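A quick write-up on the structure given underneath.
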Amino acid sequence: MADYNNRGEFLLEALNVRVVGQGQSIIVFSHGFGSDQSVWSRVIPSFTRAYRVISFDLMCSGSCDPTNYDFQRYATLDGYVDDLLSFLDALEIDRCAFVGHSVSAMIGLLAAIHRPNLFSRLILIGGSPRFTNDGNYIGGIDPAHMEEVFRRMESNYESWVAGFVPMALGADVPDMALQEFSRTLFSMRPDIALHVARTAFAADLRHVLGLVRVPVCIIQSSVDLSVPPAVAEYMRRHLGGPTVLEFLPTHGHLPHVSSPAPVANAIQQLLRRRI
């Protein structure tokens, strides 16, 4: 391994951090479980004229060297939060907007609690503070079913991916979207994918929502089997800072993959909106 002065410098290479665009304002795009930064490939071009755009791979993604994945460090989302803040420090970023999908939405919320002055606003796509049901809270997935999902991932990862991809993306999506999400899931080492799934889907961050003071914009697909609309409404009510919620007429948990144009348009409008 090459010599690095600090972890932030190491992460710039390890997480394949990419900076494009000529604008002065900065946007950071962070992908969700099972994908990598390539999921933003049809969204980012809409922003490079007006913004400097940063994208990267979470350490768990198949685009990163799996030998760098520390099972203890990433047993909670805190490891990913520290990675994000460390490489932004290495880039000397002192102010940015953050766009996070799914588990990265929660990583962004935690990062904003630690460093509120770093983020001008958070734009969260399909985020959830708890993916499983709990009493009157409807997260979308029954805990017993989640354990069955983990068993399937462990026993036959390829079969699980084949079933999970169309469910996550929703009905009537382009074949290209199915192929892209399948590719990034298959690129993950199965034991890492299972570990990340347990970390993300077992997390419960409902208690920290009120600590988030930066403006938050929530983008939610109208139909999402992983995150029902009630979760987006729950976050809107419980976040501690100014919050807006926008439902898109899209289906599936990855609208930026299946319907990139309306997602890019919504992000642009939310970046300009006063909240």
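Per the working numbering, the very first residue in the sequence shown carries number 28; after that it's consecutive. Think of the CB as a built atom: it goes at the ideal place given N, C-alpha and C, for glycine as much as any other residue. Since this is a predicted model, take the numbers as computed values, not measurements.
| Check | Outcome |
| --- | --- |
| Take threonine 270 and list the residues in its own chain whose beta-carbon comes closer than 8 Å to its own, dropping the five residues that flank it on each side. | Pro242, Val243, Cys244, Ile245, Met262, Arg263, Ile302 |
| From the DSSP output, read off the bridge partner residues of aspartate 161. | Tyr164 |
| Could you name the residues of the same chain whose beta carbon sits closer than 6 Å to that of isoleucine 71, not counting the 5 residues immediately before and after it, in chain order? | Val80 |
| DSSP three-state label for phenylalanine 208, please. | helix |
| For tyrosine 78, which beta-bridge partners are listed by DSSP? | Ser52 |
| DSSP beta-bridge partners for histidine 278? | Val250 |
| Enumerated in chain order, which unbroken segments of the beta strand (DSSP E) with a length of 3 residues or greater are wholly contained in the segment 175–200? | none |
| Which runs of the alpha helix (DSSP H) at least 4 residues long sit entirely within the segment 87–146? Give them in chain order. | 105–117, 130–141 |
| For a test of the three-state rule: what should DSSP assign to serine 57, helix, strand or coil? | strand |
| Cα separation between methionine 28 and glycine 35? | Bear in mind that a pLDDT of 44 at methionine 28, under 50, signals an unreliable position, so the number given afterwards is only what the model happens to contain. Whole-angstrom Cα-Cα distance: 15 Å. |
| Taking all protein chains shown into account, do 16 or more other C-beta atoms lie within 10 angstroms of the C-beta of glycine 50, making it buried, or fewer, making it exposed? | exposed |
| Would you kindly work out how many angstroms separate the C-alpha atoms of valine 235 and asparagine 144, rounded to a whole number? | 17 Å |
| Confirm, please, whether the CB-CB distance from serine 214 to glycine 89 is below 8 Å. | yes |
| I'd like to know whether the C-beta atoms of phenylalanine 125 and phenylalanine 98 end up nearer to each other than 8 Å. | no |
| Give me the Cα-Cα distance between isoleucine 120 and serine 182, rounded to the nearest whole angstrom. | 43 Å |
| Which residue wins for smallest C-alpha separation from serine 57, given the options Val130, Ala139, Gly48, Arg299? | Val130 |
| Let me know the secondary structure DSSP gives leucine 85 once reduced to three states. | coil |
| Please classify alanine 299 as buried or exposed, where buried requires at least 16 other C-beta atoms within 10 Å of its C-beta. | Note that residue 299 corresponds to arginine in the displayed sequence, not to alanine. Exposed, by the Cβ-count rule. |
| Does the beta-carbon of threonine 103 have 16 or more other beta-carbons within 10 angstroms, so that it is buried, or is it exposed? | exposed |
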